[in-house]
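In the working numbering, the protein residues as written are 84 to 736. For every residue, glycine included, the Cβ atom is placed at its ideal position computed from N, Cα and C. Predicted model, so just to flag it, every value in this text is computed and none were measured. Working notes, beginning with the structure itself.
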């Protein structure tokens with residue numbers, strides 16, 4: 084009965100989404116307040132109905148209701164409870180239900196907290212959000228129904244993909260979807276502004292918090308996925324330039340550009356057309372990611388489905404929303420007049436350059452991702468675009484961005500004086516050069532990558548500190564009184580510096596050793612003596628494991644004892660590798676146990692990875708910086724200020 088109720092709630096949500104899409108739009112066009120007022124209750128009702136459907140599906144997974152085809156295909160009675168719950172979204176149908184739940188959540192949030200918005204703009208934003216929900220609810224109900232029953236109920240399920248039975252993958256999709264789908268709010272604001280024909284400073288202040296929230300969630304989601312790949316897959320890497328990894332990275336780059344561009348609209352009423360375009364493209368790339376994962380055009384551990392029919396449906400949604408928004412943009416954007424005038428040396432110019440670098444970086448990643456598909460479609464050629472292309476084509480733009488960020492952040496609006504600008508950044512430059520000299524001294528013989536990444540990372544960190552010092556008027560007492568947004572920006576830029584330093588130093592300094600070792604045998608890697616004490620069979624809740632015991636010493640001192648595993652999941656007859664890692668501030672000792680060898684012994688892989696944890700620490704600092712900015716009082720009161728002191732809008736005509 085609970086499952087049927089969830090199914091009914093999902094169908095009812097489709098009709099509510101239809102009302103949410105049409106009635107407020109007509110009301111806004113005609114100026115009928117009563118019709119526009121339908122938007123908020125419809126958005127809240129849609130969210131509650133989808134939440135009921137999602138709750139019903141979760142109940143079916145938790146209680147192992149194998150009469151549901153989805154539960155049978157993705158669960159098992161012996162599976163730990165965490166993975167029974169994460170199994171709800173560890174498949175195509177359930178993940179799409181989570182997708183529309185988060186979409187409805189953002190729509191409901193706009194309804195609940197958007198009271199300060201102008202009546203027509205609010206109605207149009209919620210209506211556009213409802214139209215996206217309408218399209219994806221139709222997609223779920225007609226092609227991906229999670230509530231299909233089985234006539235003959237099986238005794239047990241087929242279990243979930245063992246690679247997904249991991250805490251990192253349990254939390255990675257929800258955060259990623261909060262970022263992906265969160266960008267729909269920026270899209271809805273952009274389309275509503277195009278329909279209304281006005282973009283002003285108040286619009287930019289409204290759109291920035293939604294974009295920032297999506298960027299924060301996307302940062303956390305990408306970091307969780309990278310962290311999972313690092314410790315779970317056993318290959319020792321943190322980023323593979325997989326097409327689906329790229330599909331999440333491209334919206335992140337465009338969302339970062341949108342955040343910076345919206346600042347120019349808010350402060351100087353310039354870059355209006357460009358900001359609208361970024362809002363459309365950021366969500367458009369999120370839809371492209373959805374298409375890549377669910378169309379079957381790529382083969383990846385991230386893929387949920389390989390049904391071309393579903394892919395065509397999503398492609399139609401992508402064409403309608405992105406194509407429709409771009410058509411509306413082409414008709415309206417030329418009429419959005421920019422008021423601000425600025426010189427070539429100014430913060431506006433620096434933010435324009437920031438946007439160019441981020442947008443071109445996203446284009447490079449997009450080209451490398453889709454080119455194999457294009458080559459196969461038009462020329463029937465099998466091509467592979469791997470890490471070497473991305474590292475050579477993408478890295479120069481990130482280097483330029485890292486060099487520019489501290490300089491641009493210190494520039495005043497409208498016009499800057501270079502001589503005055505250089506003075507406060509001199510200490511940051513000197514300290515960055517000192518860090519480069521230290522790395523050069525300690526890493527003689529290492530690639531130049533270590534030198535460059537350490538210098539760039541230090542430049543971003545010290546540059547962020549220099550900006551805080553400058554904004555405080557060089558008076559320590561004022562530092563604590565700076566707005567949270569200033570601290571948030573400094574943390575985000577500093578966190579990016581830590582990520583860049585971590586990636587470069589890790590790639591330049593890692594040591595890899597692959598060998599066959601027998602029980603009781605010791606070997607040395609990069610100054611560490613590693614002993615394979617033995618390998619035991621250990622039963623798990625729904626797997627059996629060959630678990631190694633390995634001691635790590637420096638000289639005679641025992642550093643740690645690690646237990647890498649080789650697991651077999653009998654239901655799916657699939658092995659997984661479970662690395663064990665001794666995490667440290669300066670380095671990780673990373674051990675993997677492989678298959679037994681014919682001549683005796685076990686395949687063993689050892690990695691010594693310097694500064695690996697700096698990558699995820701930097702991502703967390705960036706996310707915290709974004710969260711700190713989001714809590715700034717100015718974000719909460721800016722839109723509300725319009726009630727008493729309206730800003731004059733710039734008409735489209």
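(message) For residue 350 and residue 589, what's the separation of their Cα atoms in angstroms?
(response) Translated into the one-based positions of the chain shown, residue 350 becomes position 267. Translated into the one-based positions of the chain shown, residue 589 becomes position 506. If you take the alpha carbons of residue 350 and residue 589, they lie about 39 Å apart.
(message) Can you list, in chain order, the residues of its chain with a C-beta nearer than 8 Å to that of residue 504? Leave out the 5 residues immediately preceding and following it.
(response) For the purposes of this step, residue 504 is taken as the residue at position 421 of the chain shown. In its chain, beyond the 5 residues on either side, 490, 493, 494 have a beta carbon closer than 8 Å to the beta carbon of residue 504.
(request) Identify the continuous beta strand (DSSP E) that holds residue 685 and give its terminal residues. (result) For this step, residue 685 is matched to residue 602 along the chain shown. Boundaries of the beta strand (DSSP E) harbouring residue 685: 685-693, taken from the DSSP string.
(request) Starting from residue 340, trace the alpha helix (DSSP H) both ways and give me its first and last residue. (result) In the chain shown, counting from the first residue as 1, residue 340 sits at position 257. For residue 340, the enclosing alpha helix (DSSP H) covers residues 326-351.
(request) Run through the region 229-298 for me and flag every whole alpha helix (DSSP H) of 4 or more residues, listed as ranges in chain order. (result) The qualifying runs are 250-279.
(message) Below 7 Å, is the gap between the Cβ of residue 554 and the nearest heavy atom of the ligand ATP?
(response) Judged by which ligands are present, the structure shown has none, so any question about the ligand ATP falls away.
(request) Take residue 85 and list the residues in its own chain whose beta-carbon comes closer than 7 Å to its own, dropping the five residues that flank it on each side. (result) To locate residue 85, count along the chain shown from 1; it is residue 2. Cβ within range, chain order: 139, 142.
(request) Could you tell me which of 294, 301, 245, 282 sits nearest to residue 257, measuring between CA atoms? (result) Within the chain shown, residue 257 is the residue found at index 174, counting from 1. Checking every option, the nearest Cα to that of residue 257 belongs to 301.
(request) Would you give the residue range spanned by the alpha helix (DSSP H) that residue 660 belongs to? (result) To locate residue 660, count along the chain shown from 1; it is residue 577. According to the DSSP assignment, residue 660 belongs to no alpha helix (DSSP H) but to the beta strand (DSSP E) extending over 657-661.
(request) Please specify which runs of the beta strand (DSSP E), each continuous and at least 3 residues long, are wholly inside the region 417-442, giving them in chain order. (result) Segments of the beta strand (DSSP E) lying fully in the region 417-442: there are none.
(message) I'd like the list of long-range same chain contacts for residue 412, defined as Cβ closer than 7 Å, with 5 residues on each side in sequence excluded.
(response) Here residue 412 corresponds to residue number 329 of the chain shown, with the count starting at 1. The answer, listed in chain order, is 277, 359, 360, 363.
(message) Do residue 210 and residue 129 count as a contact pair if the criterion is CB distance below 8 Å?
(response) Residue numbering aside, residue 129 sits at position 46 when the chain shown is read from its first letter. Residue numbering aside, residue 210 sits at position 127 when the chain shown is read from its first letter. Cβ distance not < 8 Å, so residue 129 and residue 210 don't count as in contact.
(request) List the endpoints of the continuous beta strand (DSSP E) containing residue 640. (result) Counting from 1 along the chain shown, the entry for residue 640 is found at position 557. Its beta strand (DSSP E) spans residues 640-645.
(message) Less than 7 Å between C-beta atoms, sequence neighbours within five positions excluded: which residues of the same chain meet that for residue 725?
(response) Taking the first residue of the chain shown as 1, we reach residue 725 at position 642. Confidence in residue 725 is poor, its pLDDT being 43 and thus under 50, which makes the residue's placement unreliable; the coordinate value appears in the next sentence. These residues qualify, in order along the chain: 199, 285.
(message) In the DSSP output, which residue or residues are listed as bridge partners for residue 600?
(response) Mapped onto the chain shown, residue 600 falls at position 517. Bridge partners of residue 600: 685.
(message) If I measure Cβ to Cβ from residue 337 and keep anything under 8 Å in the same chain, skipping five residues before and after, which residues do I get?
(response) For the purposes of this step, residue 337 is identified with residue 254 of the chain shown, where counting begins at 1. Once the five neighbours on either side are set aside, the close Cβ partners of residue 337 are 361, 364, 365, 368, 441, 442, 445.
(request) Grab me the residues of residue 497's own chain with a C-beta within less than 6 Å of its C-beta, minus the 5 sequence neighbours each way, in chain order. (result) Indexing the chain shown from 1 puts residue 497 at position 414. Cβ within range, chain order: 425, 429.
(message) With distance defined between alpha-carbon atoms, name the residue in 414, 355, 399 nearest to residue 435.
(response) Position 352 of the chain shown, counting from 1, holds the residue named residue 435. Out of 414, 355, 399, 355 has the C-alpha closest to the C-alpha of residue 435.
(request) Pick helix, strand or coil for residue 627, following the three-state DSSP scheme. (result) As a working note, residue 627 is residue 544 in the chain shown. The answer is strand: DSSP assigns residue 627 an E or B state.
(request) Flag this pair as yes or no: are the beta carbons of residue 269 and residue 188 separated by less than 8 Å? (result) On the chain shown, residue 269 is found 186 positions in, with the first residue counted as 1. On the chain shown, residue 188 is found 105 positions in, with the first residue counted as 1. The answer is no: Cβ separation not under 8 Å.
(message) Does any residue of chain B have a CB that is nearer than 8 Å to the CB of residue 541?
(response) The structure shown has no chain B; it contains just one protein chain.
(request) Decide if residue 376 is buried, meaning its Cβ has at least 16 other Cβ atoms within 10 Å, or exposed. (result) In the chain shown, counting from the first residue as 1, residue 376 sits at position 293. With 16 or more other Cβ atoms within 10 Å, it is buried.
(message) Within a Cβ cutoff of 8 Å, which residues of the same chain sit near residue 224, ignoring the five residues on either side of it in sequence?
(response) For the purposes of this step, residue 224 is taken as the residue at position 141 of the chain shown. Cβ neighbours of residue 224 beyond the five flanking positions: 93, 94, 97.
(request) Could you check if residue 605 is buried or exposed, using at least 16 other CB atoms within 10 Å of its CB as the buried criterion? (result) Here residue 605 refers to the residue found at position 522 when the chain shown is read from its first residue. By the beta-carbon neighbour count (other beta carbons within 10 angstroms, threshold 16), residue 605 is exposed.
(message) For the alpha helix (DSSP H) containing residue 622, name the first residue and the last one.
(response) Locating residue 622 in the chain shown gives position 539, where the first residue counts as 1. From DSSP, residue 622 is part of no alpha helix (DSSP H) but of the beta strand (DSSP E) over 611-622.
(request) Under 8 Å Cβ to Cβ from residue 813, same chain only, skipping five residues before and after it: list those, please. (result) The question about residue 813 has no answer, for the chain in this structure spans 84 to 736.
(request) Spatial neighbours of residue 237 within its chain, please: CB distance less than 7 Å, with the 5 preceding and 5 following residues excluded, ordered by chain position. (result) Locating residue 237 in the chain shown gives position 154, counting from the first residue. 149, 155, listed in sequence order.
(message) If I follow the unbroken alpha helix (DSSP H) through residue 679, where does it start and stop?
(response) Residue numbering aside, residue 679 sits at position 596 when the chain shown is read from its first letter. In the DSSP assignment, residue 679 falls outside any alpha helix (DSSP H) and lies within the beta strand (DSSP E) extending over 670-679.
(request) Spell out the partners DSSP gives residue 151 in its beta bridges. (result) One-based indexing of the chain shown puts residue 151 at position 68. Paired residues: 232.
(request) Might you give, ordered along the chain, the residues of its own chain that have their beta carbon closer than 6 Å to the beta carbon of residue 595, omitting 5 neighbours on each side? (result) Start at 1 with the first residue of the chain shown, and residue 595 comes out as number 512. Closer than 6 Å at Cβ, skipping near neighbours: 690.
(request) Within 10 angstroms of the Cβ of residue 469, are there 16 or more other Cβ atoms? Answer buried if so, exposed if not. (result) For the purposes of this step, residue 469 is taken as the residue at position 386 of the chain shown. With fewer than 16 Cβ atoms within 10 Å of its Cβ, residue 469 is classed as exposed.
(request) List the residues that DSSP assigns as beta-bridge partners of residue 651. (result) Position 568 of the chain shown, counted from the first residue, corresponds to residue 651. Bridge partners of residue 651: 627, 658.
(message) Closest to residue 184 by C-alpha separation, out of 165, 511, 213, 207, would be which residue?
(response) Taking the chain shown and counting its residues from 1, the one referred to as residue 184 is at position 101. Here the closest residue by C-alpha is 213.
(request) Provide the residue span of the beta strand (DSSP E) that contains residue 608, from first to last. (result) If you number the chain shown from 1, residue 608 lands on position 525. Residues 605-608.
(request) Would you mind stating whether residue 587 and residue 536 have Cβ atoms separated by less than 8 Å? (result) Your numbering for residue 587 matches position 504 in the chain shown. Your numbering for residue 536 matches position 453 in the chain shown. Annotated as proximal: residue 587 and residue 536, with beta-carbon spacing under 8 Å.
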